[in-house]
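Below, the structure is given as structure tokens:
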């Protein structure tokens with residue numbers, strides 16, 4: 001009865017007083033969020049404080065980095081002014097190398113090709129999904145993380161090789177799991193192996209670029225709602241405005257990206273003597289148009305930047321990230337349209353060390369809760385949060 005009385009006391013307390021009391025605490029945000037579920041008044045007050053804090057973070061956050069340390073995840077946000085904010089970790093999840101997938105609605109998903117982990121660094125939630133037994137001892141070609149706006153479901157996917165008896169041709173399957181569902185992994189036919197790198201998620205669809213023998217074969221698209229694959233043709237050859245004979249590495253330097261809410265293909269030639277970067281944008285009905293071109297001279301007065309250090313994770317904001325490697329720990333943001341540079345000096349935890357890797361672009365924290373299955377399986381016992 002004491003708990004009920006305490007809730008009643010809080011519910012009868014003026015909102016401004018509750019906010020003042022909470023503002024005096026030194027609790028981290030993820031700890032403060034646990035108080036939301038004690039009573040209605042605390043839920044409203046804590047949520048208001050959390051949303052204000054998230055608004056400040058979104059205004060100051062530039063991009064995300066994480067260490068390359070095998071078996072652990074440590075996520076930082078680079079802030080305005082060059083300082084780093086610890087979002088999560090280090091979180092030890094095994095001995096294998098961990099890869100992060102693009103965040104969706106404030107949720108991160110990372111995998112070592114065996115296990116999938118979903119977390120919200122703002123709320124402190126951390127969920128490990130059940131393993132896919134059908135994929136055991138199979139070669140995993142690639143993975144993805146997506147969200148279906150219609151059903152509000154998050155799903156993970158990974159493709160693997162299948163070697164049917166008496167058939168020499170390798171077949172590929174895809175294993176799909178809905179986050180928070182007690183259903184088992186679903187196995188479907190996969191028309192082409194999913195690449196391991198370069199996953200792009202947009203508007204209920206996951207995209208991968210397939211390159212074979214330095215030639216683009218197609219773009220594989222996976223619809224999260226229907227759980228079906230389709231092939232998208234790359235830009236036609238007559239749209240490429242360069243001489244193939246001058247290319248040094250073929251098509252293997254092309255990457256998928258997002259530019260102003262549309263899927264784009266970035267043709268990147270990272271060599272001083274023949275450096276260029278071209279962006280092709282996909283319109284409706286999978287039609288492509290030529291977007292922008294960046295040459296080495298366009299990067300003046302910062303032309304000395306190593307082209308291999310250009311990162312495209314900010315394309316969705318219309319910017320490129322240029323990393324300066326040297327004594328000065330500096331990052332440059334190049335606006336493709338205005339051709340304007342923004343320089344940022346970073347702190348001692350900077351990007352010149354081999355311990356850090358640029359992983360993701362702009363990240364907006366949220367209070368999104370991770371869906372949780374009603375009947376947790378053994379793999380979920382290690383969760384470090386309580387789901388109310």
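Numbering (full-length UniProt numbering), first residue to last: 1 to 388.
Every residue gets a Cβ at the ideal spot worked out from N, C-alpha and C, and that includes glycine.
Query	Result
For the beta strand (DSSP E) holding residue 101, just list the boundary residues, first then last.	99-104
When the Cα atoms are used, what is the spatial distance from residue 368 to residue 51?	12 Å
Taking contact to mean at least 3 C-beta pairs separated by less than 8 Å, is the stretch 80-90 in contact with the stretch 186-201?	no
Thinking C-alpha only, which one of 239, 205, 219, 62 is nearest residue 226?	205
For residue 134, does the three-state DSSP call read helix, strand or coil?	helix
Determine the contact status of residue 155 and residue 176, defining contact as a CB-CB distance below 7 Å.	yes
Look at the Cβ atom of residue 266, then the Cβ atom of residue 281, and state whether they are nearer than 7 Å.	no
Pull up the distance between the alpha-carbon of residue 114 and that of residue 13, whole angstroms please.	49 Å
So, for residue 231: in the same chain, excluding its five sequence neighbours on each side, which residues have a beta-carbon less than 6 Å away from its beta-carbon?	218
Could you say which of 109, 236, 117, 140 lies nearest to residue 288 if we only look at CA atoms?	236
What beta strand (DSSP E) runs, 3 residues minimum, are completely inside the stretch 19-48?	none
So residue 363 and residue 61 are in contact, right, with Cβ under 8 Å, and what is the actual spacing, rounded?	6 Å
Would residue 185 pass as an interface residue toward chain C - the criterion being a Cβ-Cβ separation below 7 Å?	The chain inventory of the structure shown lacks chain C, comprising one protein chain alone.
Leaving out the 5 sequence neighbours to the left and right, which residues in its chain are closer than 6 Å to residue 143 when beta-carbon positions are compared?	111, 158
With 16 as the cutoff for other CB atoms within 10 Å, does residue 16 come out buried or exposed?	exposed
Grouping DSSP H, G and I as helix and E and B as strand, with all else coil, what is residue 352?	In this prediction, residue 352 has a pLDDT of 47, which is less than 50 and means its spatial position is unreliable; what the coordinates show is noted afterwards. In the structure shown, residue 352 sits in coil (DSSP, three-state: anything other than H, G, I, E or B).
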